[in-house]
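A.B. asks:
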Amino acid sequence: MIVRNIQEKHADGQYQIQAEVEHETRNARETIFFSVPSEQAHWIRPEPNAFMMGTAIAALWNGETRLEIEGGVDPQLSSRLTLAMRLLTRWHKSPLRPVKIVAPAAARPLPDISRSTTALFLSGGVDSLSALYWNASQYPMGDPRRVGVAFFVHGLDVGDPNKPDRLDVWNLGIQKLSALCRELGLELVTVKVNLRNLAMSWRLYGGWQHASLLAAIAHAASSHLHRCIIAPDYSIEHIPHPHGSHPWLNSYFGADFLEITTGDMEQFSRVEKIRFLSTHPGVLNALRVCWDSAAIPAGHLNCGRCLKCVRTMLAFMACGQLAETTAFPSHDVTPQLMKSIPIKTLAELELYFEVLPALEAMGRQDLTAIIRRKIWLFQAEHTLRLNYLRPVAKKLLGRR
Numbered sequence: 002m003i004v005r006n007i008q009e010k011h012a013d014g015q016y017q018i019q020a021e022v023e024h025e026t027r028n029a030r031e032t033i034f035f036s037v038p039s040e041q042a043h044w045i046r047p048e049p050n051a052f053m054m055g056t057a058i059a060a061l062w063n064g065e066t067r068l069e070i071e072g073g074v075d076p077q078l079s080s081r082l083t084l085a086m087r088l089l090t091r092w093h094k095s096p097l098r099p100v101k102i103v104a105p106a107a108a109r110p111l112p113d114i115s116r117s118t119t120a121l122f123l124s125g126g127v128d129s130l131s132a133l134y135w136n137a138s139q140y141p142m143g144d145p146r147r148v149g150v151a152f153f154v155h156g157l158d159v160g161d162p163n164k165p166d167r168l169d170v171w172n173l174g175i176q177k178l179s180a181l182c183r184e185l186g187l188e189l190v191t192v193k194v195n196l197r198n199l200a201m202s203w204r205l206y207g208g209w210q211h212a213s214l215l216a217a218i219a220h221a222a223s224s225h226l227h228r229c230i231i232a233p234d235y236s237i238e239h240i241p242h243p244h245g246s247h248p249w250l251n252s253y254f255g256a257d258f259l260e261i262t263t264g265d266m267e268q269f270s271r272v273e274k275i276r277f278l279s280t281h282p283g284v285l286n287a288l289r290v291c292w293d294s295a296a297i298p299a300g301h302l303n304c305g306r307c308l309k310c311v312r313t314m315l316a317f318m319a320c321g322q323l324a325e326t327t328a329f330p331s332h333d334v335t336p337q338l339m340k341s342i343p344i345k346t347l348a349e350l351e352l353y354f355e356v357l358p359a360l361e362a363m364g365r366q367d368l369t370a371i372i373r374r375k376i377w378l379f380q381a382e383h384t385l386r387l388n389y390l391r392p393v394a395k396k397l398l399g400r401r
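The opening position of the sequence shown corresponds to residue 2 in my numbering, with each subsequent residue numbered one higher.
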């Protein structure tokens, strides 16, 4: 894969940095970009490190043998990115091999911390919102460790190229998150990218690539940052691997001039995060967790029926907050809805075990009976190792 002609342009009220990408394993070209509103143009610049970070794992996935970057890249970051690819192929037991990064070495100077800030990726989900408010509770205004800018990204989870593009949901998310950021004294920067166009598989994105694409945006903004928080999905005891945003993996996406960190949020469970957020009025109404963009009713951020919505609603219920929030179209989880939700991973058990006592105390035996049965079935499947047959069956059936 060759990345060339890195440039910048202004058009239609947007400032865009872009590069041409040429695949060497097949006859294909793509123009990839990072774009922000023109009034926020100072946040990003045409940085070869960003394009290296944003293309490397897609190049690996596509079977490329090298990644040639036009322009100098930081040698430490290049080495760490290679280590990340080695770790991923090991985790996934993959025959793929890390691509060789070919680019002139250009070491980035260390940042002046007094003139830079900490960034955070703010999706509107439980993990990123709790990381933002936890950070604000730990550091006063003016401290360089306090988040000074939050990035809300279109083209990754929001704007998934495999799903309908709900610009109404994107715009409502901007409205809700902008209000929260103003209250905390930081800037919300809306960023649009098309990096997933290089390899659109959801399995690649979730299991291999997620945090590297976020880190690519951080490197595009690295002239203003010394630290960037990518909030973890799980508590330390339940972080799965392989996983495209594992704290160990993510540390390889930073360098001496830009630290990529978790904000220490792996100390909290999902229910603990929601309980913490519930102490900040209005925050829960901005929550956006939904995976099924096509099913979201107009004027809402969540469908209230997909796996992720239902799991989050159960946690809200356990914290006594579901009736108080407008984040979901419904204020209840019915037995019929609960029956349709599977338990897919060991990490998900953390949430279900946490909510059981609270649901029992609320008299919701209609839900706890279903949850206990699902937990028993999941554990029996793993005891008998039937879960290992699912990937084989999917492969034989040609499913991803």
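Quick reminder that beta carbons are idealized off the backbone N, C-alpha and C, glycines included.
(1) What residue range does the beta strand (DSSP E) around His11 cover?
(2) Just how far apart, CA to CA, sit Gly55 and Ile218?
(3) Suppose the cutoff is 6 Å on Cβ atoms and the five residues either side in sequence are ignored; what does the same chain contact list for Lys10 look like?
(4) Should Trp209 be labelled buried (16 or more other beta-carbon atoms within 10 Å of its own) or exposed?
(5) Answer yes or no: do Thr90 and Arg81 have a C-beta to C-beta separation smaller than 8 Å?
(6) Which full runs of the beta strand (DSSP E) of 3+ residues lie inside the segment 238-284, going along the chain?
(7) Check this for me: beta carbons of Leu288 and Val311, under 8 Å apart or not?
(8) Which of the three DSSP states, helix, strand or coil, is assigned to Pro96?
(9) By the three-class DSSP mapping on this structure, what secondary structure does Val22 have?
(10) Does the Cβ-Cβ distance between Thr118 and Gly149 come in under 8 Å?
(11) For Arg228, is the classification buried or exposed, using 16 other Cβ atoms within 10 angstroms of its Cβ as the cut-off for buried?
(12) For a minimum of 4 consecutive residues, which ranges assigned as the alpha helix (DSSP H) are wholly contained in the segment 123-180?
(13) Give the DSSP-derived three-state secondary structure of Val356 in the structure shown.
(14) Can you find the residues in the same chain that come closer than 7 Å, C-beta to C-beta, to Val290, ignoring five residues on each side of it along the sequence?
(15) Have a look at the DSSP bridge pairing and note the partners of Lys193.
(16) What's the C-alpha gap between Val190 and Ser39?
(17) Just how far apart, CA to CA, sit Lys395 and Arg386?
(18) Is the segment 127-144 touching the segment 267-285, taking contact as three or more C-beta pairs under 8 Å?
(19) Let's test the definition: count the other Cβ atoms within 10 Å of the Cβ of Val74 and tell me whether it reaches 16, buried, or not, exposed.
(20) Taking buried to mean at least 16 other C-beta atoms within 10 Å of its own C-beta, is Leu398 buried or exposed?
(21) Quick one: what's Ile376 bridged to in DSSP?
(22) Could you tell me the distance, in whole angstroms, from the CA atom of Arg373 to the CA atom of Arg365?
(23) Per DSSP, what kind of secondary structure is Ala106 in: helix, strand or coil?
(24) Please classify Leu398: does DSSP put it in a helix, a strand, or coil?
(25) Quick one: is Ser341 near chain C, going by C-beta distance under 8 Å?
(26) My output table needs one value for Ala45: the three-state DSSP class, helix, strand or coil.
C.D. replies: This is what the structure holds:
(1) Your numbering for residue 11 matches position 10 in the sequence shown. Unbroken beta strand (DSSP E) run through His11: Ile3 to Ala12.
(2) Here residue 55 refers to the residue found at position 54 when the sequence shown is read from its first residue. Here residue 218 refers to the residue found at position 217 when the sequence shown is read from its first residue. Between Gly55 and Ile218, the C-alpha separation is close to 8 Å.
(3) Start at 1 with the first residue of the sequence shown, and residue 10 comes out as number 9. The answer, listed in chain order, is Gln17.
(4) Within the sequence shown, numbered from 1, the residue matching residue 209 stands at position 208. With a 10 Å radius around the Cβ and a threshold of 16 neighbouring Cβ atoms, Trp209 comes out buried.
(5) Looking up residue 90 in the sequence shown gives position 89. Looking up residue 81 in the sequence shown gives position 80. Result no, Cβ atoms of Thr90 and Arg81 do not sit closer than 8 Å.
(6) Along the segment 238-284, the beta strand (DSSP E) occurs as fully enclosed runs of 3 or more residues at 260-262, listed in sequence order.
(7) Within the sequence shown, residue 288 is the residue found at index 287, counting from 1. Within the sequence shown, residue 311 is the residue found at index 310, counting from 1. For Leu288 and Val311, no; Cβs fall outside 8 Å.
(8) Counting from one through the sequence shown, the residue named residue 96 turns up at place 95. Under the three-state reduction of DSSP, Pro96 is assigned to coil, being neither helix nor strand.
(9) The residue labelled residue 22 in the question sits at position 21 within the sequence shown. The DSSP-derived three-state label of Val22 is strand.
(10) Walking along the sequence shown from the start, residue 118 turns up at place 117. Walking along the sequence shown from the start, residue 149 turns up at place 148. Cβ distance < 8 Å, so Thr118 and Gly149 count as in contact.
(11) For the purposes of this step, residue 228 is taken as residue 227 along the sequence shown, with counting starting at 1. With at least 16 other beta carbons inside 10 angstroms of its own, Arg228 counts as buried.
(12) Listed in chain order, the complete alpha helix (DSSP H) runs (minimum 4 residues) inside the segment 123-180 are 127-139.
(13) The residue you call residue 356 lines up with position 355 of the sequence shown. Val356: helix per DSSP, three-state reduction.
(14) Within the sequence shown, residue 290 is the residue found at index 289, counting from 1. These residues qualify, in order along the chain: Gly126, Val127, Asn303, Lys309, Cys310 and Thr313.
(15) In the sequence shown, counting from the first residue as 1, residue 193 sits at position 192. According to DSSP, which records beta bridges pairwise, Lys193 is partnered with Ser36 and His155.
(16) As a position in the sequence shown, residue 190 is number 189, starting the count at 1. As a position in the sequence shown, residue 39 is number 38, starting the count at 1. The straight-line gap from Cα to Cα measures roughly 11 Å.
(17) Mapped onto the sequence shown, residue 395 falls at position 394. Mapped onto the sequence shown, residue 386 falls at position 385. With a pLDDT of only 47 at Lys395, under the threshold of 50, the placement of this residue in the model should not be trusted, and no figure is reported.
(18) Taking 8 Å as the limit for Cβ pairs, the verdict is that the segment 267-285 does touch the segment 127-144.
(19) Working through the sequence shown from its first residue, we reach residue 74 at position 73. With 16 or more Cβ atoms within 10 Å of its Cβ, Val74 is classed as buried.
(20) Looking up residue 398 in the sequence shown gives position 397. With a pLDDT of 47 at Leu398, under the threshold of 50, the modelled position of this residue cannot be trusted, and the question is left open.
(21) Position 375 of the sequence shown, counted from the first residue, corresponds to residue 376. None; Ile376 has no bridge partner.
(22) By one-based count along the sequence shown, residue 373 stands at place 372. By one-based count along the sequence shown, residue 365 stands at place 364. Spanning the alpha carbons of Arg373 and Arg365 requires a straight line of approximately 12 Å.
(23) Translated into the one-based positions of the sequence shown, residue 106 becomes position 105. Three-state result, Ala106: strand.
(24) Position 397 of the sequence shown, counting from 1, holds the residue named residue 398. Confidence in Leu398 is poor, its pLDDT being 47 and thus under 50, which makes the residue's placement unreliable; the coordinate value appears in the next sentence. Here Leu398 sits in coil by DSSP.
(25) Among the protein chains of the structure shown there is no chain C, as only one such chain exists.
(26) For the purposes of this step, residue 45 is taken as the residue at position 44 of the sequence shown. According to the sequence shown, residue 45 is Ile rather than Ala. If DSSP states are grouped into helix, strand and coil, Ile45 belongs with coil.
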